[in-house]
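*Asks:* This structure is in structure tokens; I'll ask about it shortly.
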Amino acid sequence: MKRDLGNFTRGSQLIEHFGFMFAAGLKGPLIIALIVTCWMTWWTVSAGMTDHEVYLAWMRAYAAGYHFMEFDPSHDVQVRTAWGRSVTFPISLLDVYPPVVRAWRHLMTLVGVALAWSALFLVPLFVAWIWFAARFGGKAKERKHERGAMLTDLADLKAQIREHNTAEQRKEWTAKLGHQWRLCSKEELGRAFPYRPSAIAGVTYPWRLEQSHAMLIGTTGMGKTVALSDMIEEARRRGQRAVIFDLTGHFIEHFYEPARDVILNPLDARCPRWSVFDECRDEAEFTAAAEALVPHDGGGSEQFWVLAARLLFVEMCLKLRARGADSNEALARELMTADLAEVHKLMRGTIADPLTAPEAARMAESIRAVFNANAKALKLLPREGPCFSMRKWIEGAGKPGGFVFISARYVDLSVCTQLLTVWLDLAMNTLMTLDRTRDLRIWFFIDELGALHRLPALEKGLQTARNFGGAIVTGIHAYAKLKEVYGENMAMTLSSLARTKLILGTGDRETATWCSDFIGHTQVRDMEEGYTYGFNNARDAVSLTSRKLVEPLLLPDQLKDLPRLNGYLKFPDGFPAAEVELTPVDRRMRSKGFIRRAADPIPNRPVAPQSDEGSNRGEGPTATSTEHPSSNDDGAGRRLDLRQGVLPLVQPERLPPEGLDRSWAELDLFDSTVPAGTGDGAGGRPIASRDGGSADESAMLPGAGTAPAHRGGPVPAKNSGGGQEPRETVAAGGRLSGAGRSPALPDHGKQEGPLAPTDPRRLALEDDAVAPDHGPPEPRNLGEFDIDI
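Heads up: the sequence shown is residues 691 to 1479, going by the numbering used here.
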């Protein structure tokens, strides 16, 4: 009830106050109208009536007043005639006296004409006054822009751009031809100056601002693909070249022309043969490719493995090129699937030598695992067909107006992402090696930037590609995805370098706030209206107070609620933002977005023969050379026990002893050595399989003495006194095929009988690990190591 009384009091006071103020506002116009009407009536009557008619009209008015006062109706009145005589009759008959009736009728006619003329003049004036007063009142409360960004309509934006482009075009003509361009025809100017601005979202770019790059922001289904399709169609119509990242196959379906376009998709049948060795010519270019192939993905504190994997890749590529084995197959064979010992042999003498040393086998395998996880897509590339080089294509090879479609399906991204990243990175890096030019040379359309790994060349491309004729158009779904891939600081840098923004409907508030900042903030002067009322009308008043504030042109919620295919376009160079609406075009389908490529045949690999003793003893099947080296070995085929404290000891490489026959040294005996058992003593111990198998799968070799065995062929040996003929050979695949012991090497820690049971415990204690007590310890597989420790 108290609230209702307060509302009533407030409402009644405001109604009364506004009523008085409204009347005060009408008082001036009404006074003016009265004055104008009276003057018009006087002027009309004075000009239209004679003096006698005026006299008779006044007599008629006198008689009307006499009757109104109810005086004596029989009172005689004397009326002058037009001829100067006087006529006397009762005043009650004055109304019907014919001259008086005619004079009064004439007077009313003239008054009507005067009122009509007054209305014809006053009504428009009155309406104009009301409009002016209302507009003035609205302007008094209107927010006034003082500085900052502005929002306009689409027609005004197009008009501003048209005026700007005309002025810039004439400046360019004047700089080249002087004022003589005015003597040229439009056709001659068109041939001499072929540049014409492109369009985005149906709006022409400001003069030469395509190379300021653009970013399309919007969640799924908002219209990014529609805007990109329009730009690609225009590029095709103008004969411009483009590199297009097509994640869905939409652009391939509608724009792919087999005669001049290329599809780079390792799983597509139309993908040409490609090799990283065709793109990179020196160490710097291999390093750039490595940055794209093994990405940081936003940075982090633990980047040693990434940097080491890149270094290993670069050094291996340089080594393979020096040997003439520069192919993807050789890279996969020598780096991705080879034994660590073979990798180390190739890397010896390079800066990657310490990274592949068998003494640090776990680190080396971890580094290679990081590289293999990122470079696995190299094995998917086709091995047949025409060769394609992105570097040569960017430099001008291929047919004019061609497109390169870098594509992959969503289901294939897990294995193709790194390769797609490498291709885009190579294209941008190659562009920035060309001659500088102001003209647009090539477009980069990246529909889903967040679907790729970090592009090292993207930041450099956004900064400097405009000087080499590159224009980059990227599309993203959400700001969070961009931060996930590039990190927060780099994501902000990339978004600021793409100066043209097409902002569509967003799906989260963070992205909407980010886009709102792109459109800009404005400083305005706002008017606040206040009311004062009281018991005394003298206190009633309305006050207007000005206030300055800075606020965004568009609130984040406005961007979140944008309908589909609607958005805002913001150009650089001070142009205001404007709302745009995209119109989808139904284009005919030219080709399929994806055609699966038949899998390449898997080459057969020779199987190494089994060990004689292993086959005789029936200890189980041995590993073959077709198996990949286990990740649980030391890189040279020796299996590592996962349990802490019982790791095998790996012999360091030793120089051949003095007096050794030179032919042994020429066999490179000490480049890659493995321990082999001897025939001395009783008992035996299991030798770990070189291919990563368990001890049960290996032959039981007698003795505990060790000696290095050559991996590449037979080793000369003599009988050690046990009556057993030496049969120590190593198969081509790297398997030990005999158990003989070389007499040419000195004994280092020869021990008779089985391995002492206390050795594993001692090793465990040295590594601060407690060995479990399971009764009498059994001999463990410690791998093959030198007993003399």
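Glycine included, C-beta positions come from ideal geometry on N, C-alpha and C.
1. Excluding the 5 residues preceding and the 5 following P789 in the sequence, name in chain order all residues of the same chain whose CB lies nearer than 6 angstroms to its CB.
2. By DSSP, does L704 sit in helix, in strand, or in coil?
3. DSSP three-state call for G1367: helix, strand or coil?
4. Assign S919 to one of two classes, buried (16 or more other C-beta atoms within 10 Å of its C-beta) or exposed (fewer than that).
5. So, do the stretch 1061-1079 and the stretch 1239-1256 have three or more beta carbon pairs nearer to each other than 8 angstroms?
6. With a cut-off of 8 angstroms on the beta carbons, I'd call R960 and I1285 a contact; round off their distance for me.
7. Specify the secondary structure class of E1269 as computed by DSSP and reduced to three states.
8. State buried or exposed for H1167, treating a residue as buried only when at least 16 other CB atoms are found within 10 Å of its CB.
9. Under the DSSP definition of a beta bridge, which residues are partnered with L841?
10. If you measure between the beta carbons of R1215 and K834, is that distance less than 8 angstroms?
11. Can the beta-carbon of E1271 be found less than 8 angstroms from the beta-carbon of L1255?
12. If you drop the 5 nearest sequence neighbours on each side, which residues of the same chain put their C-beta closer than 8 angstroms to that of K1187?
13. Kindly indicate the opening and closing residues of the alpha helix (DSSP H) around G1159.
14. So is S764 buried or exposed if we call it buried at 16+ other beta carbons inside 10 Å?
15. Less than 8 angstroms separating the beta-carbons of L1244 and I1209?
16. For S1233, name the three-state secondary structure that DSSP assigns.
17. Does the Cβ of H869 have 16 or more other Cβ atoms within 10 Å, making it buried, or fewer, making it exposed?
18. Check the DSSP bridge columns for Y1221 and list the partner residues they point to.
19. So what's G1085 in DSSP terms, helix, strand or just coil?
20. Measure how close the beta-carbons of S1097 and G939 come, nearest whole angstrom, since I'm counting them as under 8 angstroms.
21. Cβ atoms of M1279 and E923: under 8 angstroms apart, would you say?
22. Between L1491 and L906, how many whole angstroms is the CB-CB distance? I'm expecting something under 8 angstroms.
23. Could you check whether E1024 and M1006 sit closer than 8 angstroms to each other, using their CB atoms as the reference points?
24. If you draw a straight line from the alpha carbon of V777 to that of A804, how long is it in whole angstroms?
25. Just curious, the beta strand (DSSP E) that F1078 is in, first and last residue?
26. Between E836, T740 and L783, which lies nearest to H757 when the distance is taken from Cα to Cα?
27. Cβ of S1281 within 8 angstroms of Cβ of Y946?
28. Could you give the residue range of the beta strand (DSSP E) that holds V767?
29. Under the assumption that I1041 contacts A998 (Cβ atoms under 8 angstroms), give the Cβ distance between them as a whole number of angstroms.
30. State the DSSP-derived secondary structure class of V952, mapped to helix, strand or coil.
31. Tell me which residues share the same chain as R1131 and place their Cβ nearer than 8 angstroms to its Cβ, disregarding the 5 neighbours each side in the sequence.
32. When the Cα of G1165 is compared with those of V952, R792, G913 and F1095, which residue comes out closest?
33. Restricting to Cα atoms, I'd like to know which of V1232, G755, F779 and T734 is closest to D766.
34. Does DSSP put M1026 in a helix, in a strand, or in coil?
35. Using DSSP's beta-bridge definition, name the partner residues of V893.
36. With distance defined between alpha-carbon atoms, name the residue in V744, R898 and A713 nearest to R1128.
*Replies:* Inspection of the coordinates gives the following:
1. The residue you call residue 789 lines up with position 99 of the sequence shown. The beta carbon of P789 sits closer than 6 angstroms to the beta carbons of L746 from its chain, once the five residues preceding and following it are set aside; these are given in chain order.
2. In the sequence shown, the residue the question calls residue 704 occupies position 14. The answer is helix: DSSP assigns L704 an H, G or I state.
3. Start at 1 with the first residue of the sequence shown, and residue 1367 comes out as number 677. Residue placement at G1367 is poorly supported in this model, since its pLDDT is 38, which falls under 50; the coordinates still yield a value, given next. It is coil, neither helix nor strand.
4. The sequence position of residue 919 within the sequence shown is 229, counting from 1. Buried, by the Cβ-count rule.
5. With a cut-off of 8 angstroms, the stretch 1239-1256 and the stretch 1061-1079 do not count as touching, because too few Cβ pairs lie within range.
6. For the purposes of this step, residue 960 is taken as residue 270 along the sequence shown, with counting starting at 1. For the purposes of this step, residue 1285 is taken as residue 595 along the sequence shown, with counting starting at 1. Rounded, the Cβ-Cβ distance is 6 angstroms, consistent with contact.
7. Counting from one through the sequence shown, the residue named residue 1269 turns up at place 579. The answer is strand: DSSP assigns E1269 an E or B state.
8. In the sequence shown, residue 1167 corresponds to position 477, counting from 1. The C-beta of H1167 has 16 or more other C-beta atoms within 10 Å across all chains shown, which makes the residue buried.
9. Stepping through the sequence shown from its first residue, residue 841 is reached at position 151. The partner list for L841 (beta bridge, DSSP) reads A1267.
10. Locating residue 1215 in the sequence shown gives position 525, counting from the first residue. Locating residue 834 in the sequence shown gives position 144, counting from the first residue. Contact: yes.
11. The residue you call residue 1271 lines up with position 581 of the sequence shown. The residue you call residue 1255 lines up with position 565 of the sequence shown. Cβ atoms of E1271 and L1255: closer than 8 angstroms.
12. One-based indexing of the sequence shown puts residue 1187 at position 497. For the record, residue 1187 in the displayed sequence is Leu; it is not Lys. When the five nearest sequence neighbours on each side are left out, the beta carbons in the same chain lying within less than 8 angstroms of the beta carbon of L1187 are those of H903, E1149, L1152 and Q1153, in order along the chain.
13. Counting from 1 along the sequence shown, the entry for residue 1159 is found at position 469. If you look at G1159, you'll find it isn't in any alpha helix (DSSP H); it sits in the beta strand (DSSP E) that goes F1158 to I1166.
14. On the sequence shown, position 74 is the one that residue 764 refers to. S764 comes out exposed.
15. Within the sequence shown, numbered from 1, the residue matching residue 1244 stands at position 554. Within the sequence shown, numbered from 1, the residue matching residue 1209 stands at position 519. Contact flag set, yes.
16. What you label residue 1233 is simply residue 543 of the sequence shown in a count that begins at 1. S1233: strand per DSSP, three-state reduction.
17. As a position in the sequence shown, residue 869 is number 179, starting the count at 1. It is exposed - the Cβ of H869 has fewer than 16 other Cβ atoms within 10 Å.
18. Mapped onto the sequence shown, residue 1221 falls at position 531. Y1221 pairs with V1232.
19. Here residue 1085 refers to the residue found at position 395 of the sequence shown. It is Glu, not Gly, that sits at residue 1085 in the sequence shown. In the structure shown, E1085 adopts coil according to DSSP, grouped into three states.
20. On the sequence shown, residue 1097 is found 407 positions in, with the first residue counted as 1. On the sequence shown, residue 939 is found 249 positions in, with the first residue counted as 1. That pair is a contact at about 6 angstroms.
21. Taking the first residue of the sequence shown as 1, we reach residue 923 at position 233. Taking the first residue of the sequence shown as 1, we reach residue 1279 at position 589. No, the Cβ-Cβ distance between E923 and M1279 is not below 8 angstroms.
22. There is no way to answer for residue 1491, as the model of the chain reaches only from 691 to 1479.
23. The count along the sequence shown starts at 1 and reaches residue 1006 at position 316. The count along the sequence shown starts at 1 and reaches residue 1024 at position 334. It is a contact, given that the beta carbons lie within the stated cut-off.
24. Start at 1 with the first residue of the sequence shown, and residue 777 comes out as number 87. Start at 1 with the first residue of the sequence shown, and residue 804 comes out as number 114. The C-alpha of V777 lies about 32 angstroms from the C-alpha of A804.
25. By 1-based counting over the sequence shown, the position of residue 1078 is 388. Under the DSSP assignment, F1078 falls outside any beta strand (DSSP E); it carries neither an H nor an E label.
26. Position 67 of the sequence shown, counting from 1, holds the residue named residue 757. For H757, the nearest C-alpha among the options comes from L783.
27. Here residue 1281 refers to the residue found at position 591 when the sequence shown is read from its first residue. Here residue 946 refers to the residue found at position 256 when the sequence shown is read from its first residue. Contact annotation: S1281 and Y946 have beta-carbon atoms nearer than 8 angstroms.
28. Indexing the sequence shown from 1 puts residue 767 at position 77. Where V767 is concerned, the enclosing beta strand (DSSP E) stretches over D766 to R770.
29. On the sequence shown, residue 1041 is found 351 positions in, with the first residue counted as 1. On the sequence shown, residue 998 is found 308 positions in, with the first residue counted as 1. In this structure I1041 is not in contact with A998, their Cβ atoms being roughly 11 angstroms apart against a cut-off of 8 angstroms.
30. For the purposes of this step, residue 952 is taken as residue 262 along the sequence shown, with counting starting at 1. For V952, the three-state secondary structure derived from DSSP is strand.
31. Your numbering for residue 1131 matches position 441 in the sequence shown. Here the set comprises R931, L1121, L1124, F1158, G1159 and G1160.
32. On the sequence shown, residue 1165 is found 475 positions in, with the first residue counted as 1. Ranking V952, R792, G913 and F1095 by CA distance to the CA of G1165 puts G913 first.
33. As a first step, residue 766 is located in the sequence shown; it is residue number 76 there, counting from the start. Selected option, being the one with the closest Cα: F779.
34. Along the sequence shown, one-based indexing puts residue 1026 at 336. Correct three-state label for M1026: helix.
35. One-based indexing of the sequence shown puts residue 893 at position 203. DSSP output for V893 lists I890 as bridge partner(s).
36. Numbered from 1 along the sequence shown, position 438 holds the residue referred to as residue 1128. Closest option to R1128, Cα to Cα, is R898.
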